[in-house]
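**Q** Please read through the structure below; I'll follow up with questions.
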Amino acid sequence: MRPKPVPEPSDSATADLRLAFERMLPRRAEALARRGRLFCAEGWDINGLLLLHEDVQRLTGAAGTYGLLETSQALLRLEQVLADFVNQERLPDAGASARIQVMFEGLGAALPTPPPSSATPAPGAGPR
7 MRPKPVPEPS DSATADLRLA FERMLPRRAE ALARRGRLFC AEGWDINGLL LLHEDVQRLT
67 GAAGTYGLLE TSQALLRLEQ VLADFVNQER LPDAGASARI QVMFEGLGAA LPTPPPSSAT
127 PAPGAGPR
């Protein structure tokens, strides 16, 4: 028995996924940047470096998947710098940390403008 073919996602499903990704991207990018800045300021450990690299790598791939070229390129540059240290099994020194911190701080400029929220409160439906 042959397996059933996997249906291609519809254009609207792809658009919905991209929109959801764009909405959560600023939070994920800021969480990564916060972790990266903390390492740069307080010092690195190899496990933290590995996890940070993997997280940047995943976000880079997702940004590329959804066609966010500028975001993907900025993340890719950061991923490659972190990969150099991971591959050499060494931690960034003070100079490298300063350069990495600048890259994390520049991520916000590479993010797309957040899409408007589709959930608008009804008139008079404020907080209680």
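Remember, my numbering sits 6 above the position in the sequence shown when you count from 1. Using N, Cα and C, we set each Cβ at its ideal position, and we do this for glycine too. Quick caveat, the model's predicted, so the values are computed rather than measured.
1. Check for me: the alpha helix (DSSP H) holding residue 34 runs from which residue to which?
2. In angstroms with no decimal places, state the Cα-to-Cα distance between residue 50 and residue 103.
3. For residue 111, which of helix, strand or coil comes out of DSSP?
4. Between the Cα of residue 101 and the Cα atoms of 81, 68, 45 and 82, which residue gives the shortest distance?
5. Taking the C-alpha atoms as reference points, what is the distance between residue 62 and residue 98?
6. Once you ignore the five residues that flank residue 84 on each side, which residues in its own chain have a CB closer than 6 Å to its CB?
7. Compare the Cα-Cα distances from residue 113 to each of 119, 73, 80 and 86 and report the closest residue.
8. Between residue 74 and residue 118, what straight-line distance do the alpha-carbon atoms span, to the nearest angstrom?
**A** In short:
1. 17-48
2. 9 Å
3. helix
4. 45
5. 16 Å
6. 62 and 109
7. 80
8. 8 Å
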